[in-house]
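> The structure that follows is given in the form of C-alpha cells.
There are 2 protein chains.
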Amino acid sequence: MPPHKLTRESVVSAAVDLADREGIAALTMRRLARHVGVEAMSLYHHLPNKEALLDAMVDRVYAAIELPTPDGDWRSGLRTRSESVRAVLLQHPWALPLMESRQAPGPANLAHHEATIACLRAAGFGPAQVAHAYAVIDAFVYGFVLQETSLPFDSGEEAATMVTDGPFGELLATYPNMTWFTTNVILAPGYSFEREFRPGLELVLDGIAERRADGIPGGAARPPAGAATTDT
Amino acid sequence: MPPHKLTRESVVSAAVDLADREGIAALTMRRLARHVGVEAMSLYHHLPNKEALLDAMVDRVYAAIELPTPDGDWRSGLRTRSESVRAVLLQHPWALPLMESRQAPGPANLAHHEATIACLRAAGFGPAQVAHAYAVIDAFVYGFVLQETSLPFDSGEEAATMVTDGPFGELLATYPNMTWFTTNVILAPGYSFEREFRPGLELVLDGIAERRADGIPGGAARPPAGAATTDT
DNA sequence: ACCTGAACACCGTTCAAGT
DNA sequence: ACCTGAACACCGTTCAAGT
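Residue numbers (the numbering used here), protein chains in the order written: chain A, 1 to 232; chain B, 1001 to 1232.
Listed below in C-alpha cells is the structure:
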C-alpha cells in the first residue's frame, strides 16, 4: 500500500478513489493519509490544505469529460459533451456539489468551457445565443444528474421494495396522485429515471435550434411569438 | 436572546436563520445552541440528532414553495411553481444540496409533489407524460438554481472587477473564446445570469407542450419526427 | 420534563522537530 | 526535501447527573 513516491498527483488520485468508494464524507485528511500509507501531516507537504485537494479533485473530473469538437455541428457537439458530463458525474457522485462550490477554476475546467463556447461559435451562434444555449443546457444536465445521484432508487425493483415494505408505503397511500404516479410509472415494468435523459436533452436542443432560427443573429434569444410569456 | 420556551419548531427556525445568515458550514449543534441561549446538549431533547434537524429544515423550505392549483392550466401552474421554487431556493442557498441528499421526505415535500402531479393530471397528462414533464422541469429549475447560487458574481459589475483585477484576468486572456464570451456577454451593460431563467423555463414548457400534442395520450413522450435522435 | 457538564472519538491545521 | 508527533481549537454525540 505505501508507494515509495508520494506526489501531489498520487495524493489526488487516491482522494478520488476514496471518495468514489466510500463517499465524500469519508474523505478526511487523516483517512486519506492512512490510505496512502503515510501520516496525516505528510499530505500538507504536497497540498496547502483540504480546499486545494478538493479543487484538484474537481479538475480531475473536468479532465475526464469529452470535449465537443469545433467542427460546426453544434447539436452533436453539445450532445456528446452533455452525455459525457452525465457519465462522468455518475462515476463520481460526490463531484457535482463540489464543482458548483469551487471558486478557483482549474485548467481542465477552463479548457472545457473554452471548447464548448468554441463549438457554438463555430456554428455561428452570437454572444447572447451562446449565453442562452449554455445556460439552458447546463441547467438541464446538472439538474438531471443532481436528481439522479440522489434518488433513493435506481430501478423499478428497488422502488417496489421501498413502496411495499416499511412505513413509507402506508404514508404514500394517503396521497392519491402520488399513488397513481407510483403505480403507473415507477412500478411499471422497465422503469428507470435515466431513460428521461435523452428525450429531455433532445427537447432542450430542439428548443435552442428553434429559437436560433427565429432570432436576430447575435441578438438576445427570446421565446417565439406564440409562447405565453409574462414578462414584467 | 434566550426564549423561555425552547421547542422543536423554534430550534428549526433558529437553524434556518443561522444557515441563511452565516452559511450551512456555520450551522453546528454547538453554535446553534449558543444562538438560542442554551447548552449544546439541550437541543437533543427536541431533535434526535443533526440529520433530523436538517430534514426538518428542508421541509421548512418545501413549505415555503407556492403550490400549483389543479385548475387545468398546467402551463401557468408549472410556471408559478417553478418560479417559486427558484425564489425560495435563492432565499435559502444552503437548501438545494440538502434537499437532494435527504432520504426521508417530510409532509411539505410530499404535499408539494402531490399538488404538482395533480396539476398535470388535471390537464390530462398521462403517466409517462407526467414523468417526462416533471423530470425535465425539475432538471432545469434545480440545475439553473445550482448554477445561480454558486456563481462567483451576480452582476456584470462584480464580474468586471473579477476579470480586470487579480491574476484571473491574465489567465483568462489566454483563452480566446472565453475572452470573447466575457467581453460580449458578461461585461456587456445590464448583464445578469438570472435573466436566462424565464426564457429557459418557457423553452422547456414549449417543448413539453409540443411533445404532448404529437404523442399518444398516456403513452411515452418522445421527440418529434424531425428531431435528430440517436437511440440505440 | 427539560437542561447541563464531562467525556469520547473524531475533525483540519500549526508548529517544532526529526531524517 | 520529505515526513512525523504533539498539540490546539474545533466537531457530533453518549451518558450520568442535576432541577
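Backbone N, C-alpha and C fix where the C-beta goes; we use that ideal spot for every residue, glycine too.
Being a predicted model, the structure only gives us computed values, none of them experimental.
Which residues in chain A have a C-beta closer than 7 Å to the C-beta of serine 1150 (chain B)? List them in chain order.
Residue mapping note: residue 1150 (chain B) aligns to position 150 of the second sequence, counting from 1. Correct list: Glu100, Ser101.
> Identify the residues that DSSP records as bridge partners of serine 1192 (chain B): which are they?
On the second sequence, position 192 is the one that residue 1192 (chain B) refers to. DSSP lists B:Ser1155 as partners of serine 1192 (chain B).
> Say whether chain A places a C-beta atom closer than 8 Å to the C-beta of tyrosine 1062 (chain B).
Taking the first residue of the second sequence as position 1, residue 1062 (chain B) is located at position 62. Chain A, which has no Cβ nearer than 8 Å to the Cβ of tyrosine 1062 (chain B), makes this no.
> Using 8 Å for Cβ pairs, my map puts valine 204 (chain A) next to phenylalanine 144 (chain A). What's the rounded Cβ distance?
Sequence index remark: in the first sequence, residue 204 (chain A) carries index 204 (1-based). Sequence index remark: in the first sequence, residue 144 (chain A) carries index 144 (1-based). With a Cβ gap of about 10 Å, valine 204 (chain A) and phenylalanine 144 (chain A) do not count as contacting.
> So which residues of chain B does methionine 178 (chain A) contact, with C-beta pairs closer than 8 Å?
Taking the first sequence and counting its residues from 1, the one referred to as residue 178 (chain A) is at position 178. Those within 8 Å of methionine 178 (chain A) in chain B are Leu1110, His1113, Glu1114, Ile1117.
> Give, in chain order, every residue of the segment 130-142 of chain A whose Cβ lies closer than 8 Å to some Cβ of chain B.
For the segment 130-142 of chain A, which is checked against every Cβ of chain B, the residues closer than 8 Å are Val130, Ala131, His132, Ala135, Val136, Asp138, Ala139, Phe140, Val141, Tyr142.
> Among B:Ala1188, B:Leu1006, B:Thr1149, B:Arg1198, which one has its Cα closest to the Cα of tryptophan 1094 (chain B)?
On the second sequence, residue 1094 (chain B) is found 94 positions in, with the first residue counted as 1. If we check each option's Cα against that of tryptophan 1094 (chain B), B:Thr1149 comes out closest.
> Based on Cα-Cα distance, which residue from B:Val1011, B:Leu1053, B:Tyr1044 lies nearest to histidine 1035 (chain B)?
Taking the first residue of the second sequence as position 1, residue 1035 (chain B) is located at position 35. Looking at the Cα atoms, B:Val1011 is the closest of the given residues.
> Closer than 7 Å by C-beta to phenylalanine 153 (chain A): which residues in its own chain qualify, once you throw out the five before and the five after it? Chain order, please.
Within the first sequence, residue 153 (chain A) is the residue found at index 153, counting from 1. For phenylalanine 153 (chain A), where only same-chain residues beyond five positions count, the Cβ hits under 7 Å are Ala159, Met162.
> Is proline 70 (chain A) near alanine 122 (chain A), with beta carbons less than 8 Å apart?
What you label residue 70 (chain A) is simply residue 70 of the first sequence in a count that begins at 1. What you label residue 122 (chain A) is simply residue 122 of the first sequence in a count that begins at 1. Yes; because the gap between Cβ atoms is below 8 Å, this pair is in contact.
> With 16 as the cutoff for other CB atoms within 10 Å, does alanine 26 (chain A) come out buried or exposed?
What you label residue 26 (chain A) is simply residue 26 of the first sequence in a count that begins at 1. Exposed is the call here.
> Using a 10 Å radius around the Cβ and a threshold of 16 neighbouring Cβ atoms, would you call serine 1082 (chain B) buried or exposed?
Here residue 1082 (chain B) corresponds to residue number 82 of the second sequence, with the count starting at 1. So serine 1082 (chain B) counts as buried.
> Interface residues of chain B around isoleucine 121 (chain A) at Cβ under 9 Å?
Here residue 121 (chain A) corresponds to residue number 121 of the first sequence, with the count starting at 1. In the sequence on display, residue 121 (chain A) carries arginine and not isoleucine. Within 9 Å Cβ-Cβ: Asn1177, Trp1180, Phe1181.
> Tell me whether the beta-carbon of phenylalanine 1193 (chain B) lies closer than 8 Å to the beta-carbon of leucine 1151 (chain B).
To locate residue 1193 (chain B), count along the second sequence from 1; it is residue 193. To locate residue 1151 (chain B), count along the second sequence from 1; it is residue 151. Contact flag set, yes.
> Comparing the C-beta of glutamine 1091 (chain B) with each C-beta of chain A, is any distance below 8 Å?
Translated into positions along the second sequence, residue 1091 (chain B) becomes position 91. No - not a single Cβ of chain A is within 8 Å of the one on glutamine 1091 (chain B).
> At a CB-CB cut-off below 8 Å, which residues of chain B make contact with proline 97 (chain A)?
Position 97 of the first sequence, counted from the first residue, corresponds to residue 97 (chain A). Within chain B, the residues near proline 97 (chain A) are Pro1097.
> Taking any Cβ of chain A, which residues in the segment 1031-1049 of chain B have a Cβ under 7 Å from it, in chain order?
So the list is empty, because no residue satisfies the distance condition.
> Taking all protein chains shown into account, do 16 or more other C-beta atoms lie within 10 angstroms of the C-beta of glutamine 1091 (chain B), making it buried, or fewer, making it exposed?
Numbered from its first residue, the second sequence carries residue 1091 (chain B) at position 91. Glutamine 1091 (chain B) should be labelled exposed.
> Are there 16 or more other CB atoms within 10 angstroms of the CB of proline 233 (chain A), so buried, or fewer, so exposed?
Because residue 233 (chain A) is not part of the residues shown, which for chain A are 1 to 232, the question remains open.
> Which whole-angstrom value describes the C-beta separation of aspartate 1055 (chain B) and glycine 1106 (chain B), a residue pair presumed to lie in contact below a C-beta threshold of 8 Å?
Looking up residue 1055 (chain B) in the second sequence gives position 55. Looking up residue 1106 (chain B) in the second sequence gives position 106. Rounded, the Cβ-Cβ distance is 6 Å, consistent with contact.
> Below 8 Å CB to CB, which residues in the same chain sit around phenylalanine 248 (chain A) once its five sequence neighbours on both sides are set aside?
Beyond the ends of chain A as shown, which are 1 and 232, falls residue 248 (chain A); an answer cannot be given.
> Jot down the residue ranges of each uninterrupted alpha helix (DSSP H) in the segment 1012-1070 of chain B, minimum 4 residues, whole runs only, in chain order.
1029-1035, 1050-1063, all fully within the segment 1012-1070 of chain B.
> Alpha helix (DSSP H) containing histidine 1113 (chain B): first to last residue?
What you label residue 1113 (chain B) is simply residue 113 of the second sequence in a count that begins at 1. That run of the alpha helix (DSSP H) goes 1107-1122.
> In chain order, what residues of the same chain lie with their CB nearer than 7 Å to the CB of phenylalanine 1197 (chain B), ignoring the 5 residues before and after it?
The residue you call residue 1197 (chain B) lines up with position 197 of the second sequence. Excluding residues within five positions, the ones whose Cβ falls inside 7 Å are Arg1086, Phe1144.
> By a C-beta neighbour count over all protein chains shown, 10 Å radius and 16 as the cutoff for buried, is tyrosine 62 (chain A) buried or exposed?
One-based indexing of the first sequence puts residue 62 (chain A) at position 62. Buried.
> Answer with yes or no whether the minimum CB distance from valine 1163 (chain B) to chain A is below 8 Å.
For this step, residue 1163 (chain B) is matched to residue 163 along the second sequence. So, not an interface residue.
> Helix, strand or coil for glutamine 1147 (chain B)? Go by DSSP, reduced to three states.
For the purposes of this step, residue 1147 (chain B) is taken as the residue at position 147 of the second sequence. Looking at glutamine 1147 (chain B) - three-state DSSP - the assignment turns out to be helix.
> Which of the three DSSP states, helix, strand or coil, is assigned to tryptophan 74 (chain A)?
On the first sequence, residue 74 (chain A) is found 74 positions in, with the first residue counted as 1. Note: tryptophan 74 (chain A) maps to helix in three-state DSSP.
> So is arginine 212 (chain A) in contact with chain B if we call contact Cβ pairs under 8 Å?
On the first sequence, position 212 is the one that residue 212 (chain A) refers to. Chain B, which has no Cβ nearer than 8 Å to the Cβ of arginine 212 (chain A), makes this no.
> Report the rounded CA-to-CA distance for arginine 1222 (chain B) versus alanine 1188 (chain B), giving the unit in angstroms.
Counting from one through the second sequence, the residue named residue 1222 (chain B) turns up at place 222. Counting from one through the second sequence, the residue named residue 1188 (chain B) turns up at place 188. Model confidence at arginine 1222 (chain B) stands at a pLDDT of 42, short of 50, so the residue's coordinates are unreliable; what they give is reported in the following sentence. For arginine 1222 (chain B) and alanine 1188 (chain B), the distance between alpha carbons rounds to 38 Å.
> Given a threshold of 16 other Cβ atoms within 10 Å of its Cβ, counted over all protein chains shown, does proline 1068 (chain B) qualify as buried or as exposed?
In the second sequence, counting from the first residue as 1, residue 1068 (chain B) sits at position 68. With 16 or more Cβ atoms within 10 Å of its Cβ, proline 1068 (chain B) is classed as buried.
> Any idea what DSSP makes of tryptophan 180 (chain A), helix, strand or coil?
Numbered from 1 along the first sequence, position 180 holds the residue referred to as residue 180 (chain A). Helix.
> For a cutoff of 8 Å on Cβ pairs, would you count aspartate 206 (chain A) as touching chain B?
Here residue 206 (chain A) corresponds to residue number 206 of the first sequence, with the count starting at 1. Aspartate 206 (chain A) counts as touching chain B.
> Answer yes if the segment 177-185 of chain A comes into contact with the segment 1170-1185 of chain B, meaning at least three C-beta pairs across the two stretches below 8 Å, and no otherwise.
At 8 Å Cβ cutoff, the stretches do not touch.
> Do you know how far the Cα of aspartate 214 (chain A) is from the Cα of isoleucine 208 (chain A)?
Taking the first sequence and counting its residues from 1, the one referred to as residue 208 (chain A) is at position 208. Taking the first sequence and counting its residues from 1, the one referred to as residue 214 (chain A) is at position 214. One C-alpha to the other measures close to 10 Å.
> Would you say glutamate 170 (chain A) faces chain B, with C-beta separation under 8 Å as the test?
As a first step, residue 170 (chain A) must be located in the first sequence, where it is residue number 170. Glutamate 170 (chain A) does not count as touching chain B.
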